[in-house]
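Numbering (UniProt numbering), first residue to last: 1 to 100.
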């Protein structure tokens, strides 16, 4: 039996990274971007939940702060699935029936 997780538990990884990593280390968006070797625009889009977390960015956070890239990517997947589930009724697909 699958456990249903409320979409309220699915947090965009950018919001979590902002609160728990960037701000906790006293960094600005610009400072975090410079340290991770990315543009300020890319960092801002991630931390403000306007862009998803890429595998490369997850590795950058892992190398810089020790947070596991796998964990961050699971957060991204859970967030995306919660967003899709919220509009599941709009997704029209019929069940596949094998001809055999």
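Ideal Cβ positions, reconstructed from N, Cα and C, are used throughout, including at glycine. If you're wondering where the values come from, they're calculated on a predicted model, not measured in any experiment.
Check                                                                                                                                                       : Outcome
Can residue 14 and residue 47 be called in contact, C-beta distance under 9 angstroms?                                                                      : yes
Taking 7 angstroms as the limit between beta carbons, can you name the residues of its chain near residue 64, skipping five residues before and five after? : 35, 36
I'd like to confirm something about residue 92: is its beta-carbon nearer than 8 angstroms to some heavy atom of the ligand ADP, or not?                    : Among the components modelled here there is no ligand, and therefore nothing to report on the ligand ADP.
Please classify residue 49: does DSSP put it in a helix, a strand, or coil?                                                                                 : coil
Within the continuous alpha helix (DSSP H) that includes residue 80, where are the two ends?                                                                : 69-86
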